[in-house]
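Reading through the structure tokens given below for one structure.
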């Protein structure tokens with residue numbers, strides 16, 4: 052029994068401690084990045100907005116994009132109304148966007164919509180680079196400037212900070228703001244400083260036409276963004292992080308709608324972990340590729356709520372074993388150090404989120420958030436098709 056307890060605790064402690072060590076290293080490297088010099092403002096962009104029944108929010112997004120600080124004849128806003136049954140297309144046109152309507156009930160999903168848009172832009176020949184912004188988002192005015200200055204210096208794939216548009220709606224959106232800041236901002240700053248890939252985050256990313264000619268877009272899974280970022284890494288391309296610009300997307304606060312959204316994300320991420328972690332590790336070991344190694348580690352480190360649950364289990368197991376036999380105190384020290392590393396990572400996410408002291412108080416709800424996510428993950432899986440997230444209005 053004693054040996055079995057040690058084996059079980061070791062099986063939990065090793066991956067948990069390694070994950071928290073990885074997060075601690077990224078936390079320590081998360082200082083603000085220095086922006087590059089101004090661009091020559093000559094790059095032409097197509098800003099692609101994939102939309103499925105987004106009549107409630109598409110006007111706000113198009114207006115935000117049309118206010119970008121970039122020569123008006125050097126960018127277009129292109130809305131892809133994908134299998135829409137509402138007024139998305141008409142509203143987008145009325146706001147000044149170009150609209151492509153796509154109707155294909157057998158190939159449904161954001162990945163197919165993006166492939167359709169990218170192929171149209173390639174044939175059209177206007178843009179040198181393509182930017183992807185979700186239909187429920189607002190962007191900072193310097194978005195295209197941040198991309199252009201790096202493209203002029205040879206970078207071909209880029210990502211800006213992806214934040215939350217409505218962080219103060221509920222305790223759930225405030226916790227999601229802290230978690231997304233830790234995931235997108237803290238980690239991306241560190242990975243850019245290390246010269247590896249920050250990955251594609253689904254919203255607020257850019258790729259050049261030249262790169263798409265080398266690595267065609269063929270990502271159709273529930274996590275098509277991470278999938279394409281991995282494809283780029285396997286092709287020898289990293290995704291650079293633009294710290295000075297951002298895109299903010301709307302997050303749902305109601306449990307039912309948030310549960311459906313989270314379930315799609317979690318199942319998609321775990322499926323990608325099973326299919327891509329080993330190929331990335333194999334490429335990293337065979338060729339000494341640190342970009343692939345970091346993306347593999349990023350996949351293997353589970354979302355913060357699951358890491359926190361593992362840390363709590365480790366603390367409880369180590370405390371029980373130490374109470375049983377005081378000579379086992381090193382297990383408890385390791386558990387405490389692991390918890391401290393995770394807590395520093397979360398605190399850094401809170402600090403950079405700008406959510407204020409209310410966010411710290413909301414962390415008392417974190418155990419409920421973890422239990423909710425576990426219930427969602429273990430619940431009945433929904434459809435793999437593109438399911439529109441319920442919007443909550445102004």
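Residue numbers (this note's numbering): 52 to 445.
Each residue gets a CB set at the ideal place from its N, CA and C atoms; glycine is no exception.
The structure displayed is predicted, hence computed values, not measured ones.
Tell whether a beta-carbon distance below 8 angstroms holds between residue i and residue j.
i           : j           : result
residue 319 : residue 248 : no
residue 72  : residue 417 : no
residue 103 : residue 135 : yes
residue 280 : residue 188 : no
residue 209 : residue 284 : no
residue 211 : residue 298 : yes
residue 230 : residue 120 : no
residue 369 : residue 383 : yes
residue 263 : residue 169 : yes
residue 143 : residue 113 : yes
residue 199 : residue 296 : no
residue 347 : residue 335 : yes
residue 240 : residue 81  : yes
residue 63  : residue 364 : yes
residue 302 : residue 224 : yes
residue 155 : residue 163 : yes
residue 251 : residue 186 : no
residue 116 : residue 184 : yes
residue 389 : residue 362 : yes
residue 293 : residue 399 : no
With DSSP as the reference, label residue i as helix, strand or coil.
i           : result
residue 5   : In the structure as shown, the chain starts at 52 and stops at 445, and residue 5 therefore has no counterpart that could be examined.
residue 271 : coil
residue 113 : helix
residue 74  : helix
residue 55  : helix
residue 222 : helix
residue 444 : In this predicted model, residue 444 has a pLDDT of only 49, less than 50, meaning its place in the structure is not dependable enough to derive any value.
residue 259 : strand
residue 235 : helix
residue 212 : strand
residue 319 : helix
residue 85  : coil
residue 157 : coil
residue 303 : coil
residue 108 : coil
residue 136 : coil
residue 327 : helix
In terms of alpha-carbon separation, which member of the options lies closest to residue i?
i           : options               : result
residue 287 : 343, 258 and 243      : 343
residue 479 : 373, 98 and 218       : One cannot answer for residue 479 here, as it falls past the ends of the chain, which runs 52 to 445.
residue 177 : 95, 357 and 397       : 95
residue 132 : 64, 378, 332 and 160  : 160
residue 397 : 327, 234 and 270      : 234
residue 182 : 269, 256 and 395      : 256
residue 228 : 401, 394, 194 and 408 : 401
residue 330 : 278, 410 and 353      : 278
residue 105 : 77, 91, 180 and 139   : 139
residue 76  : 55, 238, 366 and 420  : 238
residue 324 : 175, 194 and 353      : 353
residue 270 : 226, 111, 92 and 327  : 327
residue 213 : 201, 246, 172 and 276 : 276
residue 60  : 372, 107 and 420      : 372
residue 79  : 293, 236 and 420      : 236
residue 246 : 226, 206, 89 and 254  : 206
residue 125 : 141, 242 and 195      : 195
Buried or exposed: which applies to residue i, given that a residue is buried once 16 or more other Cβ atoms fall within 10 Å of its Cβ?
i           : result
residue 153 : buried
residue 350 : buried
residue 265 : exposed
residue 101 : buried
residue 190 : buried
residue 259 : buried
residue 150 : buried
residue 376 : exposed
residue 267 : exposed
residue 374 : exposed
residue 407 : exposed
residue 226 : buried
Considering residue i, what are the terminal residues of the alpha helix (DSSP H) in which it resides?
i           : result
residue 172 : 161-175
residue 146 : 139-146
residue 413 : 408-413
residue 299 : Per DSSP, residue 299 belongs to no alpha helix (DSSP H); it is in the beta strand (DSSP E), 291-300.
Does the beta carbon of residue i fall short of 7 angstroms from some heavy atom of the ligand SAM?
i           : result
residue 119 : As presented, the structure is devoid of all ligands, the ligand SAM included, so that no description of it is given.
Can you tell me where the beta strand (DSSP E) with residue i in it begins and where it stops?
i           : result
residue 343 : Here residue 343 belongs to no beta strand (DSSP E); instead the alpha helix (DSSP H) covers 341-351.
residue 356 : Here residue 356 belongs to no beta strand (DSSP E); instead the alpha helix (DSSP H) covers 355-375.
residue 396 : Taken as a continuous stretch (DSSP letters only), residue 396 belongs to no beta strand (DSSP E), being part of the alpha helix (DSSP H) at 380-404.
residue 153 : 149-153
residue 127 : 126-133
residue 181 : 180-183
residue 189 : 188-190
residue 197 : Unbroken run through residue 197 is the alpha helix (DSSP H), 194-202; no beta strand (DSSP E).
residue 102 : 96-102
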